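The block underneath contains the structure these notes are about, expressed in structure tokens.
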Amino acid sequence: MTKVKAYGAQDSKSDLTQLTIERRDVQPNDVKIDILYCGVCHSDIHTAHNDWGGTKYPTVPGHEIIGKVLEVGKDVTTFSVGDLVGVGCLVDSCRVCDSCKDDLEQYCENGMVGTYNGKDKHLGGHTFGGYSETIVVDKDFVLSIPENIDAKAAAPLLCAGITTWSPLSHWKVKKGDKVGVIGLGGLGHMGIKFANALGCHVVMVTTSESKRADAKALGAHEVLISKNEDEMKANARSFDFLLNTVPVKHDLNPYLGLLRRDGTMCMVGAIEPLESMHGGQLILNRRRLVGSLIGGIKETQEMLDFCGEHNVVSDIEMIDMQNINTAYDRVMKSDVKYRFVIDMKSLKDT
16 MTKVKAYGAQ DSKSDLTQLT IERRDVQPND VKIDILYCGV CHSDIHTAHN
66 DWGGTKYPTV PGHEIIGKVL EVGKDVTTFS VGDLVGVGCL VDSCRVCDSC
116 KDDLEQYCEN GMVGTYNGKD KHLGGHTFGG YSETIVVDKD FVLSIPENID
166 AKAAAPLLCA GITTWSPLSH WKVKKGDKVG VIGLGGLGHM GIKFANALGC
216 HVVMVTTSES KRADAKALGA HEVLISKNED EMKANARSFD FLLNTVPVKH
266 DLNPYLGLLR RDGTMCMVGA IEPLESMHGG QLILNRRRLV GSLIGGIKET
316 QEMLDFCGEH NVVSDIEMID MQNINTAYDR VMKSDVKYRF VIDMKSLKDT
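Under my numbering, residue 365 is the last one in the sequence shown; the count climbs by one each step, no gaps.
Following this line, the structure appears as structure tokens:
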């Protein structure tokens, strides 16, 4: 085992501070990664604050990891020392259930292993994430990062990116489709970029007129203000697909009315009870209301390859590790465009 520096929380009320954690020795199928950058996801904050319950402390968040390979196990042939690689939201799964066999490890029927707060079958206890100097991961859960894209801005692709890419891919959103992205934040801005790169007609759906210019700059062809009843009526029954990234309880009924017959709205943000929905919105137009969770390793690699081909990355603001608590406060106030990324050199130099 190797001791490394990390940042984590000791309980749900404390700030993140520097601490020491242990990483396992490299096993035959392992890849050891020198972490260069780590994105800051709202899930990190929920876990640190135990908002969802079940957080194991001390917790070290971080599942948008970009780094260079330091060492590979003797049975690893897919990666070499010096390769630019990534690690996303999961580091293991059962490998044998139907979901895993279908390359959908995120839906592992025996429980996927999260990059942090998961069950660590090697050392016991729980897994520690990317707010640390290094990480050791099974080769099957390590991703290749295209060398032509900005490595820093690639970090959020490993959560925000795949969370928005997966539903667009699964429901076969295609060139010419009218796609609405509801909510402009870490997820929403990636939804706009992906839909635009796929050749869709992209509409940003937002409550805020102030977000119009930003949405257009990101690639939205139109902006629909959902509080404007005339605009909503003019767009009724016209969308092929709606990507709903709103992270809190809200009324789905107005958005369902935007879908054409056989249209789909996918939820990726609100993991909580929602306001009542009228069944007629679905039944009378054969609409679909669906949900989606990140993506499997195969699909995540496909997304990264697409990003390399189309030069799609996240809009980011870089921070030092020592400023993580301020960053958490700003994320909760939606004061970032659109994702914080930690320069891990700031931790290694302490």
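Even for Gly, the Cβ is constructed at its ideal location relative to N, Cα and C.
Keep in mind it's a predicted model, so treat the numbers as computed, not measured.
Q.
Let me check understanding here. Comparing Cα to Cα, which of Leu-119, Ala-210, Pro-43 lies closest to Lys-154?
A. Working through the sequence shown from its first residue, we reach residue 154 at position 139. Ranking the options by Cα distance to Lys-154, first place goes to Pro-43.
Q.
Can you tell me which residues form a DSSP beta bridge with Gln-33?
A. The count along the sequence shown starts at 1 and reaches residue 33 at position 18. DSSP lists Tyr-22 as partners of Gln-33.
Q: Please report how far the alpha carbon of Glu-324 lies from the alpha carbon of Ala-210, in whole angstroms.
A: If you number the sequence shown from 1, residue 324 lands on position 309. If you number the sequence shown from 1, residue 210 lands on position 195. Roughly 15 Å separates the two Cα atoms.
Q: Keeping to the same chain, check which residues put their C-beta closer than 7 Å to that of Leu-31; ignore five residues upstream and five downstream.
A: Your numbering for residue 31 matches position 16 in the sequence shown. Same-chain partners within the cutoff: Tyr-22, Gly-23, Ala-24, Ala-63, Ile-339, Asn-340.
Q.
Can you tell me whether Arg-354 is helix, strand or coil according to DSSP?
A. Looking up residue 354 in the sequence shown gives position 339. Three-state result, Arg-354: strand.
Q.
According to DSSP, Ser-147 sits in a beta bridge with which residue or residues?
A. Start at 1 with the first residue of the sequence shown, and residue 147 comes out as number 132. According to DSSP, which records beta bridges pairwise, Ser-147 is partnered with Ala-21.
Q) Considering Cys-53, what are the terminal residues of the beta strand (DSSP E) in which it resides? A) The sequence position of residue 53 within the sequence shown is 38, counting from 1. 45-55 is the extent of the beta strand (DSSP E) around Cys-53.
Q: Throw me the rounded Cβ distance for the Leu-273 and Phe-254 pair, which I believe falls under 8 Å.
A: To locate residue 273, count along the sequence shown from 1; it is residue 258. To locate residue 254, count along the sequence shown from 1; it is residue 239. Confirmed, about 5 Å.
**Q.** CB-CB length for Pro-171 against Glu-79, believed under 8 Å
**A.** What you label residue 171 is simply residue 156 of the sequence shown in a count that begins at 1. What you label residue 79 is simply residue 64 of the sequence shown in a count that begins at 1. Their Cβ separation, rounded to whole angstroms, is 5 Å, which keeps Pro-171 and Glu-79 in contact under 8 Å.
Q) With burial defined as no fewer than 16 other Cβ atoms inside 10 Å of the residue's Cβ, what is the status of Leu-271: buried or exposed? A) The residue you call residue 271 lines up with position 256 of the sequence shown. Buried is the call here.
Q) Hey, how far is the Cα of Leu-289 from the Cα of Lys-264? A) For the purposes of this step, residue 289 is taken as the residue at position 274 of the sequence shown. For the purposes of this step, residue 264 is taken as the residue at position 249 of the sequence shown. Between Leu-289 and Lys-264, the C-alpha separation is close to 5 Å.
Q) For Lys-226, does the count of other Cβ atoms within 10 angstroms reach 16, so buried, or fall short, so exposed? A) Numbered from its first residue, the sequence shown carries residue 226 at position 211. With 16 or more other Cβ atoms within 10 Å, it is buried.
Q: Put Asp-320 into one of helix, strand or coil per three-state DSSP.
A: Residue numbering aside, residue 320 sits at position 305 when the sequence shown is read from its first letter. Helix, per DSSP.
(Q) So, with DSSP's three-state summary, where would you put Asn-243? (A) Taking the sequence shown and counting its residues from 1, the one referred to as residue 243 is at position 228. In this structure, Asn-243 counts as coil in the three-state DSSP scheme.
Q) Which residues mark the beginning and the end of the alpha helix (DSSP H) in which Asp-107 is found? A) Translated into the one-based positions of the sequence shown, residue 107 becomes position 92. Per DSSP, Asp-107 belongs to no alpha helix (DSSP H); it is in the beta strand (DSSP E), 105-107.
Q: Mind checking which residues open and close the beta strand (DSSP E) that includes Ile-339?
A: As a first step, residue 339 must be located in the sequence shown, where it is residue number 324. Per DSSP, Ile-339 belongs to no beta strand (DSSP E); it is in the alpha helix (DSSP H), 339-347.
**Q.** Exposure label - Met-359; buried when at least 16 CB within 10 Å
**A.** Along the sequence shown, one-based indexing puts residue 359 at 344. It is buried - the Cβ of Met-359 has at least 16 other Cβ atoms within 10 Å.
Q: Using three-state DSSP, classify Glu-124 as helix, strand or coil.
A: Along the sequence shown, read from residue 1 onward, the residue named residue 124 stands at position 109. Residue state for Glu-124 is assigned as coil, using DSSP reduced to three classes.
Q. Is Asn-326 helix, strand or coil when you go by DSSP?
A. In the sequence shown, residue 326 corresponds to position 311, counting from 1. Note: Asn-326 maps to coil in three-state DSSP.
Q. Apart from the five residues on each side of it in sequence, which residues of its chain come closer than 7 Å, Cβ to Cβ, to Met-347?
A. Taking the first residue of the sequence shown as position 1, residue 347 is located at position 332. Excluding the 5 residues flanking it on each side, Met-347 has same chain C-beta neighbours closer than 7 Å at Ile-60, in chain order.
Q: Assign Met-359 to one of three DSSP states: helix, strand, or coil.
A: Against the sequence shown, residue 359 aligns to sequence position 344. Residue state, collapsed to three classes: coil.
(Q) Quick check: is any heavy atom of the ligand MN less than 8 Å from the C-beta of Glu-290? (A) Absent from the structure shown: the ligand MN. Ligands present: none.
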